[in-house]
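Engineer: For the sequence shown, position 260 matches number 261 in my numbering, and the numbering has no gaps at all.
From the three backbone atoms N, C-alpha and C, an ideal C-beta is built for every residue, glycine too.
Let me give you the structure first, and then I'll get to my questions.
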Amino acid sequence: MTLADTSTEVLAVPAERGTCPFDPPPAYDLAREQDPVAPVRLFDGSTAWMLTRHQDVRAVLQDRRFSADGTKDGFPFLSPGRRELATGNPTFIRMDDPEHARLRRMLTSDFIIKRVEEMRPQVRAIAVELLDAMTRDRDHADLVAEFALPLPSLVICLLLGVPYQDHAYFQKCSSTLLNANSTAEQVHQARDDLNTYIKQLAESKRDSDDEDIISRLMRREDLSPDEVATMGTLLLVAGHETTANMTSLSILTLLRDPEQMARLRSDPGLIRGAVEELLRYLSIVHTGLPRVATEDVELNGRTIRAGDGVLLMINTANRDSEAFPDADSLDVGRDARRHLAFGFGVHQCLGQPLARAELQIALDVLLTGLPNLRLAVPFEQIPFRHDMLIYGVHRLPIAW
Ligand code: HEM
2 MTLADTSTEV LAVPAERGTC PFDPPPAYDL AREQDPVAPV RLFDGSTAWM
52 LTRHQDVRAV LQDRRFSADG TKDGFPFLSP GRRELATGNP TFIRMDDPEH
102 ARLRRMLTSD FIIKRVEEMR PQVRAIAVEL LDAMTRDRDH ADLVAEFALP
152 LPSLVICLLL GVPYQDHAYF QKCSSTLLNA NSTAEQVHQA RDDLNTYIKQ
202 LAESKRDSDD EDIISRLMRR EDLSPDEVAT MGTLLLVAGH ETTANMTSLS
252 ILTLLRDPEQ MARLRSDPGL IRGAVEELLR YLSIVHTGLP RVATEDVELN
302 GRTIRAGDGV LLMINTANRD SEAFPDADSL DVGRDARRHL AFGFGVHQCL
352 GQPLARAELQ IALDVLLTGL PNLRLAVPFE QIPFRHDMLI YGVHRLPIAW
């Protein structure tokens, strides 16, 4: 069967989550069991294939017959804003090799494990300072605003050479870019604003001999200031929203699961593994990684034709019991390293060593520093980010 043969009665995506806000939409789980290469309907009425099994998602992410280039015909978009983001002035996340590799290579040394390990004391000092400020003379706060969001924002600002005092501005632009309900015009404006902001900053660093990423990119002869601006924008957005949401959602998940929380508190040696398990269990990039086929591909009895869009559901793949026994249970002691929360293949998350270090440090500092940590409002009042491309919570009122 090909996409053209599918009926109009296909699942519309994104689908809604069920009763548990940590679980992927039940319709995706059903697809994984019954129709792992399923046709789905997108916002503009077009169709694409949705892949939900761990094995298939992993295979397609490293298959060069699938392109990440959003300007190619058939590329699947989940909203008008998303289409605008991928087609106008794209960054290397929406490019194929060799251009993607050329740009990505300029940044790899900044995010290798060795470099990140050297940064750990600095990240920990920031985390401890934020915790001190949050808890001084108070017994409650919003964890998102006072800890989870500032921590990765301060770190990515340091790395890029962006002044943190501008955080309200870049966080606002970034929210517009990542809001599934933003119109194409709003996304266009927010991206232009952010690019202009980074470009002006980059121009001001043209003659500097600072070692921050933007200054170093500006000294290269093979990059234009516009390219520096789009790369800086990608790093700034990807570098703070993701880790911030993982931090607050992880804490909320542990607060809802006192047994796992107690295990983690009693054995801090579990933290590294627990971060992988939380990345797997929560899979905050929850709307699917988009690709388009450049050749005909046979998969599970379906023919994906050249020009067909594909959505790779890493959230459902990470709950596939073929890959992770009892996949719907959170188990901080399990070996979850094969998870796909950072993607896979050539576009696998560039910032993952940094994200891991930030998450490990954030959890350690919060669990050690707040032995009586609890929710300050009933669970039902927590606003989940159903409207955002990166899942999480808008606010997390906590007390200690
Ligand atoms: C790519 C997830 C943190 C920078 C990706 C992709 C995923 C992802 C799933 C693959 C996208 C695709 O294949 O289409 C996450 C998660 C994070 C996180 C879950 C935190 C928990 C970060 C951080 C940075 C970052 C801290 C820092 C700079 C990037 C970049 C790419 C990327 C530049 C594009 C890589 C490429 O196209 O070659 N991320 N990310 N991410 N991420 Fe992350």
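Between THR48 and SER176, what straight-line distance do the alpha-carbon atoms span, to the nearest angstrom?
Structural biologist: The residue given as residue 48 occupies position 47 in the sequence shown. The residue given as residue 176 occupies position 175 in the sequence shown. C-alpha separation (whole angstroms): 27 Å.
Engineer: With a Cβ-Cβ cutoff of 8 Å, do ASN246 and GLY393 count as a contact?
Structural biologist: Position 245 of the sequence shown, counted from the start, is the residue given in the question as residue 246. Position 392 of the sequence shown, counted from the start, is the residue given in the question as residue 393. Against a cut-off of 8 Å, the Cβ pair of GLY393 and ASN246 comes out as a contact.
Engineer: Just checking ARG105 against the ligand HEM - is the residue's beta carbon closer than 7 Å to any of the ligand's heavy atoms?
Structural biologist: As a position in the sequence shown, residue 105 is number 104, starting the count at 1. True, at least one ligand heavy atom lies under 7 Å from that Cβ.
Engineer: With ILE252 and GLY233 assumed to form a contact (beta carbons below 8 Å), what rounded beta-carbon distance in angstroms separates them?
Structural biologist: Working through the sequence shown from its first residue, we reach residue 252 at position 251. Working through the sequence shown from its first residue, we reach residue 233 at position 232. Not quite, the Cβ-Cβ distance comes to about 30 Å (not below 8 Å), so this is no contact.
Engineer: Where do the N-terminal and C-terminal ends of the beta strand (DSSP E) with THR48 fall, by residue?
Structural biologist: Within the sequence shown, residue 48 is the residue found at index 47, counting from 1. From DSSP, the beta strand (DSSP E) with THR48 extends over 48-52.
Engineer: As an exercise, report each continuous beta strand (DSSP E) stretch of at least 3 residues that is fully enclosed by the segment 122-150, in chain order.
Structural biologist: 141-143
Engineer: Given VAL229, which residues of its chain have a CB within under 7 Å of its CB, disregarding the five upstream and five downstream residues?
Structural biologist: Residue mapping note: residue 229 aligns to position 228 of the sequence shown, counting from 1. These residues qualify, in order along the chain: ALA203, ILE215, LEU218, MET219.
Engineer: Going by DSSP in three states, GLU118 sits in which element: helix, strand or coil?
Structural biologist: Here residue 118 refers to the residue found at position 117 when the sequence shown is read from its first residue. Note: GLU118 maps to helix in three-state DSSP.
Engineer: Quick check on the DSSP output: what are the complete beta strand (DSSP E) runs of length 3 or more inside the segment 203-259, in order along the chain?
Structural biologist: none
Engineer: Within the continuous alpha helix (DSSP H) that includes LEU280, where are the two ends?
Structural biologist: Position 279 of the sequence shown, counted from the first residue, corresponds to residue 280. It spans 272-283 - the alpha helix (DSSP H) in which LEU280 sits, taken as one unbroken run.
Engineer: Quick one: is the Cβ of CYS158 within less than 7 Å of any heavy atom of the ligand ZN?
Structural biologist: In terms of ligand content, the structure shown lacks the ligand ZN and carries the ligand HEM instead.
Engineer: Grouping DSSP H, G and I as helix and E and B as strand, with all else coil, what is VAL303?
Structural biologist: Within the sequence shown, residue 303 is the residue found at index 302, counting from 1. In the sequence under discussion, the amino acid at residue 303 is Arg, which differs from the Val named in the question. Strand, per DSSP.
Engineer: Three or more C-beta pairs closer than 8 Å, one from the segment 152-170 and one from the segment 53-70: is that the case here?
Structural biologist: no
Engineer: Which residue marks the beginning of the alpha helix (DSSP H) containing GLY82, and which one marks its end?
Structural biologist: Translated into positions along the sequence shown, residue 82 becomes position 81. 81-88 is the extent of the alpha helix (DSSP H) around GLY82.
Engineer: In this structure, does DSSP put PRO326 in helix, strand or coil?
Structural biologist: For this step, residue 326 is matched to residue 325 along the sequence shown. Coil at PRO326, not helix or strand.
Engineer: Note the first and the last residue of the continuous alpha helix (DSSP H) segment covering ARG106.
Structural biologist: Sequence index remark: in the sequence shown, residue 106 carries index 105 (1-based). Start and end: 100-106.
Engineer: How would you label SER154, buried or exposed, when you count the other beta carbons within 10 angstroms and need 16 or more for buried?
Structural biologist: Taking the sequence shown and counting its residues from 1, the one referred to as residue 154 is at position 153. Per the 10 Å Cβ criterion, buried.
Engineer: HIS101: beta carbon under 7 Å from a heavy atom of the ligand HEM?
Structural biologist: By one-based count along the sequence shown, residue 101 stands at place 100. Flag set: Cβ of HIS101 near the ligand HEM.
Engineer: Identify the residues that DSSP records as bridge partners of SER68: which are they?
Structural biologist: For the purposes of this step, residue 68 is taken as residue 67 along the sequence shown, with counting starting at 1. Note: SER68 sits in a beta bridge opposite VAL293.
Engineer: List the residues that DSSP assigns as beta-bridge partners of MET389.
Structural biologist: By one-based count along the sequence shown, residue 389 stands at place 388. According to DSSP, which records beta bridges pairwise, MET389 is partnered with ASN180.
Engineer: From the DSSP output, read off the bridge partner residues of ALA39.
Structural biologist: Numbered from its first residue, the sequence shown carries residue 39 at position 38. Per DSSP, MET51.
Engineer: For ILE157, name the three-state secondary structure that DSSP assigns.
Structural biologist: Working through the sequence shown from its first residue, we reach residue 157 at position 156. Residue state, collapsed to three classes: helix.
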